[in-house]
Structures are given as C-alpha cells and as structure tokens.
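Residue numbers (our numbering): 5 to 357. We put the beta carbon where it would ideally sit given N, CA and C, even for glycine. Since this is a predicted model, take the numbers as computed values, not measurements. These notes concern the structure reproduced below.
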Ligand code: KG4
Ligand code: ZN
C-alpha cells in the first residue's frame, strides 16, 4: 500500500446487531481490521420470531458506548488516533439508526473528527474491497434480510440497478421458511443447517422468475408453496430436512438464473472490465450460506467471472464494513457530513438503470 492510510471508527445499529469496529486502509483495499465486535440481540428477539424495533433500539442504547470503548481498546487506540467516525445513517429501523448516528455525532463533535453518515447497503457493497481489494467495476449480488438486488458498481458513487425483488428479500424468505418449518430464529443459518441433512429433490417447489426477461427476483410464491407443503405435511408426511433442502435448492436455482441474467446486463453496460476480468461480489447476510456460495462459484466459472465473497462474519451485519465505507470516503478526498444529517429509514443504493 502506498500513500496515506486512514483509520476509521465504525458504528452499526440499523437492525438487531450492535457493532463497533476500527479499520485502517486506503481504497481499493484490502484494509486491515484492527478490531471488530458484534453483539447480536438474537436472544432478546427470539421469543417473538423476528426483530421487535422498540426492543432493538433500547438494547442498542444500553450497550453501544461500551462496544465503542472496547473496539478502540482492542485496536490499541483512542478517539484522538482515528481520522473519522462512520455510522450507519440508514436504511434500517429508525430508532436503532438514531442511536448509532447520534452517538457518532457526539463523538465527532467532542473529538473534532469528521462524521461520515454511511448507507448500510454501501457498507455491504464495499466489503469485498476491504477483504479482497476488488477494483471497479464489479457486479454486486446483494442478498440480505431486507434487500435482494443485482447492481453494477462502476465507482464509489456509480451504482446501476439491474434487478431487485418484486416482493420478499431472499433473507426474509429464509426467515419465513424457518418459521413455517418450525426451525429456530434467525432462519437463514437454521434452514442451511437442516438442508445439509436433507434431499433437495424430495419436494417439487417453484423456481420463481426462472427464464424471465430482466434480472428481477421474487420469493413470495415459493414461500406460499412451502407453506402449502408444510400444511399437508401436518398429517405427518413431510420431513423437515427434506423440505429445507428442497426450499434451499429452489432459492439457489432462482438466484443462479437471475444472476446469469445480471451478468449479461453487466457485460453490456461496462466495456472496461476489471484488471483481472469480470468480478461477481456477493454481499449481505445470505452470502454467508455455503451452498449458495458454491453454486454462484460454479456459475461464475461457466460465465467467465470470478467470485469474491467475504467471510461469513463480514457478510452479516457488522461495523467493519461501515468503517471501511468511511475509509473509501476519505480515500476519495470527500469531506465529512454535517452534524445535522438526518437518519433515514429508507435509502436506496441505486436507481433503476
Ligand atoms: O445483512 P444481514 O445481516 O442484515 C440485513 O441487513 O438484512 O442479513 C440478515 C439475513 C437474515 O434474513 C438471515 O436469515 C440471512 O441474512 N442469513 C442467511 C444465512 N445467514 C444469515 N440466509 C441463508 N443462509 C445463511 N447461512
Ligand atoms: Zn445488512
């Protein structure tokens, strides 16, 4: 790495993870994660089978200060040593976002450091630069609990939307599938675990959007099909592992078909390909799924792409990705945000291409 490196404190509170991290580096990466701590509120929300916003914001408030102190001490630094403070400013549950952003504003003001109000999706999108030094342009498959999109990324502010879900996000589909099958919350890892012991060809479930024009996704029909299967199975006819494996196989086939379509759109859009060929970056919590990762790797091989998938703990929500988004901003020579910056419940990454 040549030139100046930037050290940034990151704060993430947009959903049910309270997280703080310190990252050092320079775009395009890779960066160095000096500390990265995540407190998952899973136990607090588990009795409700999903995230309860009021419980989430209170839990963030209780623990965030301690998390920040620990992130700095784990990194062996004080606030005076960082070049900026980055916090998720949206999209997400507004109460939680307010807790994180307000804390960041107070720290920025007190320490005289720039505040960076980061788009959570930008954090996911740029993680593969922090981990692998991926250069622009790349095709991004963003698959999380709230989002499911294929985006061409030409630069830190150049996002071109090729497709998105017309109903449920893929992580949401995993969470609902888990509920239907009586598996624990959070659903994604539970379904993946059960699927390992099941037969993916046991039940015939739909492959939503397969073969359709464009690169949009849909998962609500698949969820309904699974619900009908489970209802019939209440008579004792279905095996949970087989149902989980069949569901996951349907998701994978749909994701592969849509990503193949996204690859064609990306190739039409960007004539200057990355220095090492075309790159597919997979980001967001669902990217932690090993079976999905393997299937996308195989697709990439067939289509002449290479895949870059961050390790699972950097795919699910974390603050290192938020700190890295701050490093990207400072590397690009951009100033910090005003202390009056508002939190945003909705904040799309890209408008349709
Ligand atoms: O990115 P993330 O941590 O939070 C959002 O910004 O949404 O993603 C969480 C989502 C949840 O829906 C969760 O069930 C899903 O990612 N997920 C998985 C796996 N791990 C997390 N889905 C499938 N397989 C997994 N192993
Ligand atoms: Zn996320």
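Straight-line Cα distance separating residue j from residue i
i           : j           : result
residue 307 : residue 218 : 17 Å
residue 147 : residue 294 : 13 Å
residue 64  : residue 179 : 22 Å
residue 246 : residue 198 : 8 Å
residue 139 : residue 260 : 23 Å
residue 101 : residue 311 : 31 Å
residue 185 : residue 142 : 36 Å
residue 346 : residue 110 : 14 Å
residue 103 : residue 114 : 17 Å
residue 135 : residue 34  : 5 Å
residue 175 : residue 126 : 18 Å
residue 191 : residue 117 : 39 Å
residue 172 : residue 352 : 16 Å
residue 204 : residue 299 : 14 Å
residue 28  : residue 120 : 15 Å
residue 93  : residue 325 : 13 Å
residue 42  : residue 200 : 27 Å
residue 284 : residue 265 : 13 Å
residue 268 : residue 17  : 36 Å
residue 129 : residue 287 : 6 Å
residue 157 : residue 105 : 26 Å
residue 305 : residue 223 : 26 Å
Cβ-based burial, residue i [other Cβ within 10 Å; buried from 16]
i           : result
residue 153 : buried
residue 21  : buried
residue 77  : exposed
residue 73  : exposed
residue 196 : buried
residue 317 : exposed
residue 164 : buried
residue 343 : exposed
residue 170 : exposed
residue 321 : buried
residue 371 : With the chain covering 5 to 357 only, the question about residue 371 has no answer from this structure.
residue 275 : exposed
residue 145 : buried
residue 232 : exposed
residue 7   : exposed
residue 349 : exposed
residue 235 : exposed
residue 207 : buried
Three-way DSSP call (helix, strand, coil) for residue i in this model
i           : result
residue 296 : helix
residue 226 : helix
residue 67  : helix
residue 328 : helix
residue 120 : strand
residue 303 : helix
residue 159 : strand
residue 22  : strand
residue 208 : coil
residue 341 : strand
Test: residue i CB closer than 7 Å to a CB of chain C
i           : result
residue 166 : Included in the structure is just one protein chain, with no chain C present.
Start and end residues, beta strand (DSSP E) containing residue i
i           : result
residue 164 : 162-168
residue 175 : Per DSSP, residue 175 belongs to no beta strand (DSSP E); it is in the alpha helix (DSSP H), 174-185.
residue 247 : Residue 247 -> not in any beta strand (DSSP E); alpha helix (DSSP H) instead, spanning 244-273.
residue 94  : 88-94
residue 287 : 282-287
Residues bridged to residue i [DSSP beta-bridge criterion]
i           : result
residue 36  : 28
residue 11  : 28
residue 58  : Bridge partners of residue 58: none, in fact.
residue 142 : 157
residue 41  : 24
residue 147 : 152
residue 16  : 23
Bounding residues of the alpha helix (DSSP H) (the contiguous stretch that carries residue i)
i           : result
residue 313 : Per DSSP, residue 313 belongs to no alpha helix (DSSP H) and is neither H nor E.
residue 47  : 46-49
residue 194 : 191-200
residue 107 : 98-115
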